[in-house]
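J.: What follows is a single structure, and I will ask about it in a moment.
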Amino acid sequence: MPELPEVETVVRDLRPLLVDRRFVAIRTSGQSLRAQWEKTWEAQLLGSLVRAIRRRGKWILIDLEPAGLLVLHLGMTGQLTVVSTATAVENHVHLTFDLDTGDQQLRFRDIRRFGSATYHQDEQEWITQNPERLGPEPFDMEARYFREKLAKTDRSLKAILLDQSVVAGVGNIYADESLYTAKLDPRRRGRDLQKTEADRLRKAIVTVLTRAIKYRGSTIRNYVGGSGLKGGYQDEFLVYGRTEKPCYRCKTPIECIRLAGRSTHFCPACQLPEARR
DNA sequence: ACAGGATCCTGGGGGC
DNA sequence: TGCCCCCAGGATCCTG
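For the first sequence, the positions run 145 to 421 when this note's numbering is used.
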């Protein structure tokens with residue numbers, strides 16, 4: 145589910161609701177998430193003050209005082225919200241943190257349980273333990289770095305964009321939207337891109353993600369922001385989910401294929417290299 | 001090195 | 001109404 149724009153929206157929504165709050169009680173569903181929740185973490189978390197909440201790729205990091213870091217990943221169907229204690233508890237709520245406001249709680253709901261929540265001493269410990277090596281944030285990614293990454297691999301552009309160690313935060317929707325915006329065929333090999341094409345793709349990623357954040361991300365099924373609001377970018381998709389519908393640029397029907405194990409939407413005409421168009 | 005498939009889960013939609 | 005199959009914003013592991 146949630147990719148960078150959705151996670152960023154959650155973090156922005158939660159910031160005013162969580163920062164300077166303390167966790168005064170913790171409850172778990174007992175159902176396992178992607179990573180096992182350790183009961184011993186609860187003693188560390190209880191009474192802790194939330195100093196900051198931030199995003200890294202698709203990960204949510206909550207900095208605690210006097211020490212510690214709560215790290216969450218929303219997987220495909222995760223929802224992290226602050227709601228009134230009076231709000232009926234939905235099914236699939238796996239973690240609940242009561243806040244010291246007395247009438248609010250942080251809830252982690254995840255239908256498919258592909259998400260995770262873990263506690264770490266500090267960020268370094270998380271980075272060391274996390275098998276996923278995260279690449280740069282798309283907004284900070286240097287042109288040269290990206291060109292060189294592309295030049296070194298035979299993988300498809302789609303597979304490269306989905307690889308969190310190349311660039312952090314892009315997922316299936318925004319990979320397709322970025323490739324469409326950059327007019328690049330998702331099946332092209334990284335190595336085959338011209339410099340100008342690589343730069344175009346890097347800029348397209350930034351453009352697409354920035355715009356999606358403005359719309360508070362995309363809600364297709366389950367995604368909601370930190371206060372329960374749905375996203376709006378699903379109505380702005382240029383290519384994702386538009387199978388068989390006419391391309392907005394050239395009217396050619398949008399194609400959907402499987403690539404890098406994921407459904408991939410693209411215009412078979414205007415995403416071709418110039419030479420073959 | 002890379003592609004593809006299976007896996008972890010639940011739920012919704014379509015076809016019959 | 002029910003059943004079966006396929007699909008889904010992610011990531012990882014295994015095979016060839």
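For glycine and all other residues, C-beta sits at the position ideal for the given N, C-alpha and C.
As the structure is a computational prediction, the values presented were derived from the model and not from experiment.
Is it true that the region 145-160 meets the region 361-373, where meeting means three or more beta-carbon pairs spaced less than 8 Å apart?
T.: Touching, per the Cβ criterion.
J.: Expressed to the nearest angstrom, what Euclidean distance is found between the alpha-carbon atoms of Asp-247 and His-409?
T.: Taking the first sequence and counting its residues from 1, one reaches residue 247 at position 103. Taking the first sequence and counting its residues from 1, one reaches residue 409 at position 265. Cα-Cα distance, rounded: 45 Å.
J.: Can Lys-126 and Arg-406 be called in contact, C-beta distance under 9 Å?
T.: With the chain covering 145 to 421 only, the question about residue 126 has no answer from this structure.
J.: Do you know offhand how far Val-163's Cα is from Tyr-263's?
T.: The count along the first sequence starts at 1 and reaches residue 163 at position 19. The count along the first sequence starts at 1 and reaches residue 263 at position 119. In a straight line, the C-alpha of Val-163 is about 17 Å away from that of Tyr-263.
J.: Just to confirm, is the Cβ distance from Arg-360 to Gly-376 under 9 Å?
T.: For the purposes of this step, residue 360 is taken as residue 216 along the first sequence, with counting starting at 1. For the purposes of this step, residue 376 is taken as residue 232 along the first sequence, with counting starting at 1. Yes, the Cβ-Cβ distance between Arg-360 and Gly-376 is below 9 Å.
J.: In chain order, which continuous runs of the beta strand (DSSP E) of length 3 or greater are located wholly inside the region 259-288?
T.: Runs of the beta strand (DSSP E) inside the region 259-288: 260-264.
J.: Please tell me whether Leu-294 and Leu-337 are closer than 9 Å, where the distance is taken between their beta carbons.
T.: As a position in the first sequence, residue 294 is number 150, starting the count at 1. As a position in the first sequence, residue 337 is number 193, starting the count at 1. Yes, they are a contact pair.
J.: Taking the alpha-carbon positions, what's the Thr-374 to Ile-357 distance?
T.: Translated into positions along the first sequence, residue 374 becomes position 230. Translated into positions along the first sequence, residue 357 becomes position 213. It should be pointed out that residue 374 corresponds to Lys in this sequence rather than to Thr. Each residue's alpha carbon lies about 12 Å from the other.
J.: Relative to the alpha-carbon of Thr-153, which residue among Leu-403, Cys-414 and Arg-355 has its alpha-carbon at the smallest distance?
T.: Translated into the one-based positions of the first sequence, residue 153 becomes position 9. The shortest Cα separation from Thr-153 among Leu-403, Cys-414 and Arg-355 belongs to Arg-355.
J.: Look up Val-233 in the DSSP assignment and say whether it is helix, strand or coil.
T.: Position 89 of the first sequence holds residue 233. The answer is coil: DSSP assigns Val-233 none of H, G, I, E or B.
J.: Taking Leu-328 as part of the beta strand (DSSP E), name the residues at either end of that continuous run.
T.: The residue given as residue 328 occupies position 184 in the first sequence. No beta strand (DSSP E) holds Leu-328; DSSP gives it neither H nor E.
J.: For Thr-225, does the count of other Cβ atoms within 10 angstroms reach 16, so buried, or fall short, so exposed?
T.: Working through the first sequence from its first residue, we reach residue 225 at position 81. When all chains shown are included, Thr-225 counts as buried.
J.: Can you find the residues in the same chain that come closer than 7 Å, C-beta to C-beta, to Lys-327, ignoring five residues on each side of it along the sequence?
T.: Translated into positions along the first sequence, residue 327 becomes position 183. Contacts found: Cys-414 and Gln-415.
J.: Distance, Cα to Cα, Gly-313 vs Thr-351?
T.: Locating residue 313 in the first sequence gives position 169, counting from the first residue. Locating residue 351 in the first sequence gives position 207, counting from the first residue. When rounded, the distance between both Cα atoms is 14 Å.
J.: Where do the ends of the alpha helix (DSSP H) carrying Asp-343 lie?
T.: Stepping through the first sequence from its first residue, residue 343 is reached at position 199. Start and end: 339-358.
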